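Input: a single structure, listed below in structure tokens.
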Amino acid sequence: MYDKWRHNSCQVILNTDSSVCQKCTSLSDTLRIHQKRKLENKRKRKAQGLRTLPWQQNKDKIAALRRANYALRRSKSRLLKRFKNLSIELKQARQRIQTLSEEELDVKLSQMNLPSAQLTAVKECISAARFENKKSRRYTEDWLLMCLLLHICSPAAYSFLRGNDVLPLPCVTTIRRYLSLVRAKCGFDSRFFAALKKKLATKNEFQRHGILVFDEMQVRKEVRVHSKTMTYSGYSDFGDIAGSTTNDLADHGLVFTFRAFGDDYSQPIAAFASKGPTKGTTLAQLVLKAIFLLEEAGAFVDALVCGGATTNRSMWREFGISGSLQHTRHSFTHPADDTRSVYVFSDAPHLMKCVRNRLHAQKVLCFNGERAHWAHYDKLFVEDGKQPAHLRVCPKITFAHINPTNTEKMRVKLATQIFCRSVADGLEFYSARGTDGLQNVKGTVLFTKKFNDLFDALNRNHPKEGITNEART
Numbered sequence: 153m154y155d156k157w158r159h160n161s162c163q164v165i166l167n168t169d170s171s172v173c174q175k176c177t178s179l180s181d182t183l184r185i186h187q188k189r190k191l192e193n194k195r196k197r198k199a200q201g202l203r204t205l206p207w208q209q210n211k212d213k214i215a216a217l218r219r220a221n222y223a224l225r226r227s228k229s230r231l232l233k234r235f236k237n238l239s240i241e242l243k244q245a246r247q248r249i250q251t252l253s254e255e256e257l258d259v260k261l262s263q264m265n266l267p268s269a270q271l272t273a274v275k276e277c278i279s280a281a282r283f284e285n286k287k288s289r290r291y292t293e294d295w296l297l298m299c300l301l302l303h304i305c306s307p308a309a310y311s312f313l314r315g316n317d318v319l320p321l322p323c324v325t326t327i328r329r330y331l332s333l334v335r336a337k338c339g340f341d342s343r344f345f346a347a348l349k350k351k352l353a354t355k356n357e358f359q360r361h362g363i364l365v366f367d368e369m370q371v372r373k374e375v376r377v378h379s380k381t382m383t384y385s386g387y388s389d390f391g392d393i394a395g396s397t398t399n400d401l402a403d404h405g406l407v408f409t410f411r412a413f414g415d416d417y418s419q420p421i422a423a424f425a426s427k428g429p430t431k432g433t434t435l436a437q438l439v440l441k442a443i444f445l446l447e448e449a450g451a452f453v454d455a456l457v458c459g460g461a462t463t464n465r466s467m468w469r470e471f472g473i474s475g476s477l478q479h480t481r482h483s484f485t486h487p488a489d490d491t492r493s494v495y496v497f498s499d500a501p502h503l504m505k506c507v508r509n510r511l512h513a514q515k516v517l518c519f520n521g522e523r524a525h526w527a528h529y530d531k532l533f534v535e536d537g538k539q540p541a542h543l544r545v546c547p548k549i550t551f552a553h554i555n556p557t558n559t560e561k562m563r564v565k566l567a568t569q570i571f572c573r574s575v576a577d578g579l580e581f582y583s584a585r586g587t588d589g590l591q592n593v594k595g596t597v598l599f600t601k602k603f604n605d606l607f608d609a610l611n612r613n614h615p616k617e618g619i620t621n622e623a624r625t
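Residue 450 in the working numbering sits at position 298 of the sequence shown; the count goes up by one each step and never skips.
Shown next, in the form of structure tokens:
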């Protein structure tokens with residue numbers, strides 16, 4: 153009875169029939185709840201790592217917190233005020249842009265001294281800011297042309313810039329719609345050369361000098377129907393040359409390109425379709441017309457570059473070009489200027505393929521009194537193939553190098569790797585070991601080294617690394 157808490161008005165002492173009165177029971181519940189709250193508060197303070205300290209010990213900390221809170225409130229107030237001012241300025245700037253005329257915009261942009269492409273982009277960005285709906289935009293011709301070129305160069309980059317609103321680009325459907333309006337037909341297009349003339353007018357004289365490059369390749373026969381114009385394509389077509397367009401399905405494509413000397417650009421100028429390779433006389437006519445049109449547009453055609461195909465050599469003979477040692481001629485009088493000459497070059501990679509194919513077919517070629525034998529390359533491949541892969545002298549030489557198919561004969565890499573210095577060293581290595589079939593390889597080694605050095609000289613980016621008068625020997 154004496155080891156329990158009792159209420160001040162406890163009646164158990166007077167009433168002996170009960171051990172605990174009602175008031176003591178209520179007091180017990182109250183004390184239990186109070187004790188439970190005390191334990192919970194203690195547990196929370198322990199979890200937070202906090203403990204109640206006297207006022208004097210926390211006085212400095214509270215003062216520092218008050219100062220920090222005051223500084224934060226002042227900083228917040230300043231930022232809100234600055235945000236409000238900037239919002240007002242932005243709203244006023246938008247209003248000024250919307251009311252800005254095209255003439256005033258051109259005057260302000262002209263004072264910024266920006267390139268023309270950047271000026272066009274800035275104008276389009278300002279113009280796009282005037283419209284809330286993207287579908288209400290209208291684009292200038294210069295900007296549409298720039299968008300077309302950007303989409304042609306990289307569709308992925310175009311989608312990224314448009315999707316992230318980096319630039320106000322039209323949708324891909326619009327780009328495709330404009331591309332479908334381009335009438336790409338065979339022959340020389342007068343409208344194209346008019347545009348080329350405007351472009352060349354921005355170049356200096358040295359940047360307008362260049363070469364005329366053309367090449368022909370075999371294509372698949374196919375007829376296509378253009379539903380918008382109700383026309384057909386896929387037939388032999390040389391443009392406006394009289395009698396050149398026939399009803400024969402085309403299986404060859406010919407492309408002319410102008411390549412500048414003093415500037416980094418190449419511009420295709422015309423394309424043609426024919427059944428079979430283009431004849432030499434027709435090709436000569438196309439070359440002359442291309443030179444005249446380029447010269448009229450402001451370009452200076454100083455040379456021709458093409459492959460060594462039979463039709464191209466026939467075209468050379470039409471211009472009097474000859475590779476004979478007794479009657480060598482590598483240029484002809486310029487058709488547009490009698491004081492100038494047009495020099496003719498054969499494509500160096502194509503020459504390497506022709507030499508390899510000739511040696512592969514004839515098996516023997518004479519070279520400065522020496523003989524180069526294809527059998528030496530074949531024997532080298534067989535002997536080198538007997539060695540482990542990590543001990544081979546010529547690890548790059550494969551079966552395709554020695555026995556190329558018709559398709560592999562067109563690969564420049566397979567031709568140049570046969571005529572490389574490592575193959576010449578391999579021939580000398582097995583010849584020194586007395587390998588059967590490789591005892592007398594002097595002529596083949598000299599032939600291989602000479603063509604290796606020749607291709608290295610013709611495949612350079614700088615004139616000082618090419619052929620010079622001192623290198624003729």
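For each residue, glycine too, the CB sits at the ideal point set by N, CA and C.
It should be emphasised that the depicted structure is a prediction, and the values quoted were computed from it without experimental measurement.
Check	Outcome
Buried or exposed by the 16-neighbour rule on C-beta atoms within 10 Å, applied to Ser239	exposed
Sub-8 Å separation of Met298 and Ala269 beta-carbons	yes
Pairwise C-alpha distance: Asn509 and Asp294	49 Å
Glu522 in three-state terms, based on DSSP	strand
Helix, strand or coil at Leu473 [DSSP, three-state]	Before going further, note that residue 473 is Ile rather than Leu in the sequence given. Three-state result, Ile473: coil.
Beta-carbon proximity check, Asp403 vs Lys431, cutoff 8 Å	no
Extent of the continuous beta strand (DSSP E) to which Ile421 belongs	Ser418 to Ser426
Whole-Å CB distance - Glu522 paired with Phe599, under 8 Å assumed	7 Å
Enclosing beta strand (DSSP E) for Cys458 [first to last residue]	Phe452 to Cys458
CA-to-CA distance, Gln370 to Ile421, given in whole angstroms	19 Å
Environment of Gly362 [buried if 16+ CB atoms lie within 10 Å]	buried
Cβ-Cβ distance between Leu313 and Leu321 below 8 Å	yes
Inter-stretch contact at 8 Å, needing at least 3 Cβ pairs: the region 477-485 / the region 435-442	no
Residue(s) in a DSSP beta bridge with Leu252	Partner(s): none; Leu252 has no beta bridge.
Spatial distance of Val545 from Gly391 (CA atoms)	54 Å
Given 8 Å, three or more beta-carbon pairs between the region 590-610 and the region 501-517	yes
Collapsed DSSP secondary structure at Ile363 in the structure displayed	strand
Residues near Asn160 by beta carbon distance below 8 Å, same chain, minus five either side	none
Three-state class that DSSP yields for Ala273 in the structure shown	helix
Complete runs of the alpha helix (DSSP H) confined to the region 276-325 [at least 4 residues]	293-305 and 307-315
Cut-off 8 Å between Cβ atoms - residues of its own chain near Val375, not counting five sequence neighbours on either side	Tyr384, Ser385, Gly386, Tyr387 and Leu401
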